[in-house]
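K.L.:
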Amino acid sequence: MERGAPLPGPDGRRALGARARAGRGPGARAARLSRGRGVREPVPPRARDGGSGAGRHRPSARRPRRAARAVAGGVGRLHRGRGARPRGRSLPGVAARAARLPAPRRRAARRRQLARTRRHGSHRRLAPERRGRAGGGARRRHQRVCLRAPRLLVQLALAAARRQRLADRRAAAAARVAERHRAPAGGARPRPPRPRLPRRRGARRGGTRTGAVRRARAVTAVVVALFGGLALLLYGIRLSGDSLQRAAGGRLRSLLTGMARHRPIAVASGAAVTAIIQSSAATTLMLIGFVSAGLMTFRQTLGIILGADIGTTFTVQLIAFKVTDYALLLVGLGFTITFLAGRRALKDVGQAILGLGLVFLGLKVILEGVAPLRDNRLAMELIEAVAGNTTMAILVAAVFSALVASSAATLGVALALASQGLIGLNGAVAIVLGANIGTCATALTASMGATAEAKRVAVAHIAFKLLGAALMLPFIGPFTAMVAASAADPARQIANAHTFFNLGISLLFLPFTPLAARAIEAIVPDDQTGDTPFRTRYLDERALDQPSLALGQATREALRMADVVQIMLRDTVAVFRTDNQALLEEVEQRDDQVDFLEREIKLFLARLGREAMGPELSRKEIGLISFIGNLENIGDIVDKNLMELARKKLYQARRFSESGWTEILEFHGLVSKNLERAIAAFAANDKTLAQEVLDQRPFMRMRERELRESHIGRLRAGLAESIETSEIHLDVLTNLKRISSHVSALMLPILDEV
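Residue 556 in the numbering used here sits at position 459 of the sequence shown, with consecutive numbering throughout.
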């Protein structure tokens, strides 16, 4: 049979069998090869007796024909698409051996052979007793190679073609994914294609309970990470701002109230204060309080508001730095300083560092929490729908900022989303505008129920933000391009957009603040019946032409001021007893009211016409100024000294001894009673009562000395509570004695000793 000729059919196999029986053709050649003797005729083995080889061990004459039939049959089966006949069925040795077995064993051997054939397709390995007989091993190996080679080649070719098709499909899919996620100018960053992980064996696609549980857990993890990270971010901003504000003390108030006369200096002071307390809303709240107390005017606050908008960008610029990996280091450093520091100022610095570390830790939690959203198609579509619509993005950001009362927190979340490639720069710029608008809600809420001047401050804050956002919308495209050119990092781009927007608002509106003040005053008119604690109640400028009437009004306002001082002194005991932080701050606010009333009364008296006043009225005026001056000194002692001691006791968690607290209550009661009698003597102009109050001065000094010696006796006895509160106890007694001295000084104008 020629090489490359087609496989024969049934007739061809019969011809091949005939030629094999005649000793010619490929059948005979295959028979000779199967016996391992090459192409020559086989040499019969020797007989047992060394004869000619005839007998039992002589090869059967039918073996060549059987081998030829086996080869021809195998080729025919391959041609028809079927496998070769099992190897053992054409071997004469096996057949003869099986013929000699008993019938039951023959049937059992046949069943085992059929079972192996069904299980493996062919015999993988022959029994040891079948190997090597009459060249059977070589013959079977030759048959196996010759009959299986074409089928193996076809299978290998098909497998190679299948692998090539799969590779082509993967390449085409990757190209489509890359094309779909390629970002245009100003769009979102491209996402790498999601790697295809092998599916677990037996797992079914979507709709199963396991898949639903897995998706629910993923959504829960994202929500928890966002909630926890945002809580850390907000608490860190609040802790850092409050700590720096405490460390600065009253210098922040002086910085705001003392530099508000010149607009550029007011802008600088507002930016500095906001950078320290890290919240423009907090700065606006301080301004509302100062205006309500009369310490500032509405027009003076406009420059500070514009400066506060610039100062609030400092926090976002700080968050944009890639220092989230060092968040725990800052937390540890801040805690160490807070825990080991002895001075209050150093503790405040440590808490500020701790708050900064919590800010970065919260940002890190948000970054890691939103990362799985890249693989969630529904979440990506929702984010793209919101960020792709400028109006919708502004509204969502404004509402979120109003809820968390912090634009920095909103922009922190935006930084996390942009860093993960979830939003583009266009959507981020819209979020910046919305965050700046939403942060005004805090000031608007705080101004409710306040004076018209305080409401104007909140309205000015909102007006600047709204007008700035409205002017920015037509130019949002060029603005986005400018922001994109300012930095390559998405987080830094968002921080720069926040800075550019607020800086542009300040530069644009600063020259027009007088015009803005008049417009806002027209929108928010003056109160018709305004009588709030930080407003004068009895002073009327129309009475300045009548000095006697004006002095009467000033006296009534001074008595109102005395009532406020009396309430402050009364609440001092409650603050020390309960360690109530809110009550402590309320006492401090009353001191602002006392300062406001003292200044307003002095300014009112200074505008009286001197030419219409006689000696008697002049003497009363001087006495009234002395009276309100001593009241203001008492208020300052309560605010600056006693409240600081109460705060120190609160922070250090100290307690007075029972006997020590009883002595403080006793001395405080004597001072309060003297103050009450002094106010009554001034109101009635009663010289007898005034003299009685003045005569109490030596007794108060002696009693203070006795209480001091009693405390020293407890120290000598080793009473632990007295030792812990010794400094606070003695300072409280000293300041109460100072208040008693000012109470005695209140009586000098009545006794004509001024």
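No residue lacks a Cβ here, since even glycine has one placed at the ideal position from N, Cα and C.
From residue 608 to residue 557, what distance separates their C-alpha atoms?
P.N.:
If I take the Cα positions, the gap works out to 15 Å.
K.L.:
Among residues of its own chain, excluding the 5 on either side of residue 303, which ones have a beta-carbon nearer than 7 Å to its beta-carbon?
P.N.:
At residue 303, the pLDDT of 47 sits below 50, so the modelled position is not reliable and the matter cannot be decided from this model.
K.L.:
Within this structure, are the beta carbons of residue 372 and residue 432 separated by less than 8 Å?
P.N.:
In this structure, residue 432 does not lie closer than 8 Å to residue 372 by Cβ.
K.L.:
CB of residue 661 to nearest heavy atom of the ligand SAM: below 7 Å?
P.N.:
The ligand SAM is not among the ligands present in this structure, which contains no ligands whatsoever.
K.L.:
Near residue 737, which residues of its chain fall below 7 Å by C-beta distance, leaving aside the five closest residues on each side in sequence?
P.N.:
The answer is none, since no qualifying residue turns up.
K.L.:
Just the C-alpha distance for residue 777 and residue 831, rounded to the nearest angstrom, thanks.
P.N.:
One C-alpha to the other measures close to 25 Å.
K.L.:
Closest by CA to residue 321, which one among 210, 359, 463?
P.N.:
Closest option to residue 321, Cα to Cα, is 463.
K.L.:
I need the DSSP call for residue 626, collapsed to helix, strand or coil.
P.N.:
Its pLDDT being 48, under 50, residue 626 is placed unreliably in this model, and the value from its coordinates should be taken loosely. Residue 626: coil per DSSP, three-state reduction.
K.L.:
Quick check: the segment 664-683 against the segment 745-754, are at least 3 beta-carbon pairs closer than 8 Å?
P.N.:
Judged by Cβ distances under 8 Å, the segment 745-754 makes contact with the segment 664-683, as three or more pairs qualify.
K.L.:
If you check the beta carbons only, do residue 522 and residue 566 fall under 8 Å apart?
P.N.:
Taking 8 Å as the Cβ cut-off, residue 522 and residue 566 do not qualify as a contacting pair.
K.L.:
Starting from the Cα of residue 501, find the closest Cα among 335, 637, 679, 596 and give me that residue.
P.N.:
Of the candidates 335, 637, 679, 596, the one whose C-alpha sits nearest the C-alpha of residue 501 is 335.
K.L.:
Under 8 Å between the Cβ atoms of residue 688 and residue 660?
P.N.:
Result no, Cβ atoms of residue 688 and residue 660 do not sit closer than 8 Å.
K.L.:
Excluding sequence positions up to five away, which residues of its chain have a Cβ less than 8 Å from the Cβ of residue 783?
P.N.:
Only 777, 847 meet the Cβ criterion.
K.L.:
Here's the rule I'm using: 16 or more other beta-carbon atoms within 10 Å means buried, otherwise exposed. How should residue 253 be labelled?
P.N.:
Label assigned to residue 253: exposed.
K.L.:
Is residue 585 helix, strand or coil when you go by DSSP?
P.N.:
Coil, per DSSP.
K.L.:
Is the Cβ-Cβ distance between residue 360 and residue 408 less than 8 Å?
P.N.:
It is not a contact, given that the beta carbons lie outside the stated cut-off.
K.L.:
Name the residue from 570, 571, 493, 596 whose alpha carbon lies nearest to the alpha carbon of residue 580.
P.N.:
The option with the nearest alpha carbon to residue 580 is 596.
K.L.:
Suppose the cutoff is 7 Å on Cβ atoms and the five residues either side in sequence are ignored; what does the same chain contact list for residue 600 look like?
P.N.:
Same-chain partners within the cutoff: 407.
K.L.:
Taking 7 Å as the limit between beta carbons, can you name the residues of its chain near residue 545, skipping five residues before and five after?
P.N.:
There are no such residues.
K.L.:
Tell me the rounded alpha-carbon separation between residue 664 and residue 517.
P.N.:
Roughly 57 Å between the two C-alpha positions.
K.L.:
Would the beta-carbon of residue 60 fall within 8 Å of that of residue 698?
P.N.:
The structure shown does not extend to residue 60, since the chain is modelled only from 98 to 851, so the question has no answer here.
K.L.:
Under the rule that 16 or more other beta-carbon atoms within 10 Å means buried, what is residue 269, buried or exposed?
P.N.:
Under this definition residue 269 is an exposed residue.
K.L.:
Using the rule of at least 16 other Cβ atoms within 10 Å of the residue's Cβ for burial, across every protein chain shown, is residue 445 buried or exposed?
P.N.:
When all chains shown are included, residue 445 counts as buried.
K.L.:
I'd like to check one pair, residue 818 with residue 752: are the Cβ atoms closer than 8 Å?
P.N.:
A contact, by the Cβ cut-off of 8 Å.
K.L.:
Contact check, residue 381 vs residue 370 under 8 Å by CB: the rounded distance?
P.N.:
Not confirmed; about 11 Å, so no contact.
K.L.:
Which two residues bound the contiguous alpha helix (DSSP H) that contains residue 730?
P.N.:
First-last of the alpha helix (DSSP H) with residue 730: 712-733.
K.L.:
Cα separation between residue 472 and residue 341?
P.N.:
Roughly 41 Å separates the two Cα atoms.
K.L.:
Using the Cα positions of residue 769 and residue 667, report the straight-line distance between them to the nearest angstrom.
P.N.:
One C-alpha to the other measures close to 7 Å.
K.L.:
Leaving out the 5 sequence neighbours to the left and right, which residues in its chain are closer than 7 Å to residue 764 when beta-carbon positions are compared?
P.N.:
Excluding sequence neighbours, residue 764 sits near 800, 801, 804, 830, 833.
K.L.:
Between which two residues does the alpha helix (DSSP H) containing residue 799 stretch?
P.N.:
Segment 784-813, the alpha helix (DSSP H) holding residue 799.
K.L.:
Between residue 480 and residue 519, which are expected to be in contact by the criterion C-beta below 8 Å, what is the C-beta distance as a whole number of angstroms?
P.N.:
That belief holds up - the Cβ atoms of residue 480 and residue 519 are roughly 5 Å apart, short of 8 Å.
K.L.:
DSSP three-state call for residue 403: helix, strand or coil?
P.N.:
Residue state, collapsed to three classes: helix.
K.L.:
Within the same chain, show all residues whose beta-carbon is closer than 6 Å to that of residue 454, passing over the 5 residues directly before and after it, in chain order.
P.N.:
Contacts found: 424, 427, 428, 431.
K.L.:
Report the three-state DSSP secondary structure of residue 844 (helix, strand or coil).
P.N.:
Coil at residue 844, not helix or strand.
K.L.:
Tell me which residue opens and which closes the alpha helix (DSSP H) that residue 414 is part of.
P.N.:
Start and end: 410-416.
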